[in-house]
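Under my numbering, the sequence shown has 15 at position 12, and the numbering climbs by one with no breaks.
Built from N, CA and C at the ideal position, the CB exists for glycine as well.
Report on the structure given below.
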Amino acid sequence: MRGGKPARILVVNGKGGCGKTTITTNLAVAYASLGQNVSLLDYDAQASSTQWFQQRPEDLAPIHLVQAHQRPSMYRTRAFQTHVPTGTDVVIVDTPSAVGERELDDLLRGVAVILIPLLPSAIDLRAGTHFIASLLKHRSYRAQPVPIGLVANRARRNTIKLSRFTDATETLQLPLIATFRDSPVYTRMADDGRGLFDLEENGRYQAERAQWLQLIHWLDAIRAGSAGPVRAERVPKPAPSLVRA
Ligand SMILES: Nc1ncnc2c1ncn2[C@@H]1O[C@H](COP(=O)(O)OP(=O)(O)OP(=O)(O)O)[C@@H](O)[C@H]1O
Ligand SMILES: [Mg+2]
4 MRGGKPARIL VVNGKGGCGK TTITTNLAVA YASLGQNVSL LDYDAQASST QWFQQRPEDL
64 APIHLVQAHQ RPSMYRTRAF QTHVPTGTDV VIVDTPSAVG ERELDDLLRG VAVILIPLLP
124 SAIDLRAGTH FIASLLKHRS YRAQPVPIGL VANRARRNTI KLSRFTDATE TLQLPLIATF
184 RDSPVYTRMA DDGRGLFDLE ENGRYQAERA QWLQLIHWLD AIRAGSAGPV RAERVPKPAP
244 SLVRA
C-alpha cells in the first residue's frame, strides 16, 4: 500500500464506553510498531485520543495526531484541518458515541473499512445492534458500502454473557474479527499514552497480541482488496479465544 492513498479505518459505535478509543489507540500503536506511517484522527470533542497522545513518550513508535474534532475557523477549512501528512499508510479514526445522520455522512467519507467494538453485555449488544442497523440503512453507507468487522472488547472467560455475545454476533451476520480481554493493562496504557505493542514482547500478553495481529491481518486483506464480499454472507467461526473462553 506504500505510496498509494492511505487506508482509512473508522472505529465507531453509538454506544459510549465500548472501547472505541482503546481500539483506535492500540491499533495505531500496533501499526506504528510494525513500521507503518500512522495518522490518528480524533473526531470526538471529548478528546480522549488526543489526551492519550499527549501522554505518549517521544521515544516510542511515532504516530501523527489530527484533532479533527476542532471546529473549522475562518482561517482553517475542514479539509485543511483533517489533512494527513504525505506518506501516511493508515488513517485510524476515533469517533464520538453520539453520531447523528450528518456526522455519519462526514465520518463515512473515504472510509475503506469499519470496525465496531462491542461489549458482551445485553444492554451494549442491544445498543450495538441498533447502531449497526442504522449504519447499514444510512444513505452514505448504502451509496458506498465497505466491509464491517466486529471486535469484542472486555471479554472474560466462562461467562454466560460471552456466549450470548457469540449468538448476537452470529445474528448480526457480520464477521467477528478479534476478541480483546478485559484487562487492567488497557486502562494503564490509556493513562500513559501507550499501547499493547509498545510493551516488550516477553510472552506475557502473547494471546492478546495474537488477537491484534488477527485484526491487522483482516484489515490488510481489505487494504489489498482481497477480503471478499462487503457483508460476509457466511459468518466466520468466532475468534478462537472466544470459543475457548
Ligand atoms: N479491554 C479492556 N480492558 C479493560 N479496560 C478497558 C478495555 N477497553 C476499554 N477499557 C476501559 O474502559 C473505558 C472506556 O473505554 P474507551 O474510552 O476506549 O471507550 P469509548 O468507546 O472510546 O468511550 P466514549 O464513548 O466515552 O468515547 C476506559 O476507561 C478504558 O480504559
Ligand atoms: Mg472514546
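| query | result |
| --- | --- |
| Could you have a look at Thr-182 and say whether DSSP puts it in helix, strand or coil? | strand |
| Is it the case that the region 46-63 contacts the region 164-175, given that we only count it when at least three CB pairs across the two stretches are under 8 Å? | no |
| Have a look at Ala-35, Gly-152, Val-116 and flag the residue whose alpha-carbon is nearest the alpha-carbon of Ile-12. | Val-116 |
| For Tyr-34 and Glu-61, I'd like the C-alpha separation in whole angstroms. | 17 Å |
| So, Thr-91 versus Asn-40, is the Cβ gap smaller than 8 Å? | yes |
| Name, in chain order, the residues that DSSP records as bridge partners for Ser-42. | His-67, Val-94 |
| Out of Leu-222, Leu-128, Asp-195, Asp-223, which one is the CA nearest neighbour of Leu-63? | Asp-195 |
| Would the beta-carbon of Leu-153 fall within 8 Å of that of Ile-119? | yes |
| Can you round the beta-carbon distance between Leu-44 and Val-93 to whole angstroms, since I take them to be within the 8 Å contact cut? | Not quite, the Cβ-Cβ distance comes to about 11 Å (not below 8 Å), so this is no contact. |
| Near Gly-113, which residues of its chain fall below 6 Å by C-beta distance, leaving aside the five closest residues on each side in sequence? | Arg-11 |
| Whole angstroms is fine: what's the gap from Ser-258's alpha carbon to Leu-179's? | Here the chain comprises residues numbered 4 to 248, so residue 258 is not present and cannot be evaluated. |
| Quick one: Cα of Pro-123 to Cα of Ala-130, how far? | 11 Å |
| Under 7 Å: does the beta carbon of Thr-190 sit that close to some heavy atom of ligand 3? | Within the structure as shown, ligand 3 is missing, the only ligands being ligand 1 and ligand 2. |
| Where Thr-182 and Gly-7 are concerned, what is the direct C-alpha to C-alpha distance, given to the nearest angstrom? | 30 Å |
| At the level of alpha carbons, what is the spacing between His-72 and Leu-111? | 15 Å |
| In terms of residue numbering, what span does the alpha helix (DSSP H) encompassing Gly-131 cover? | 125-140 |
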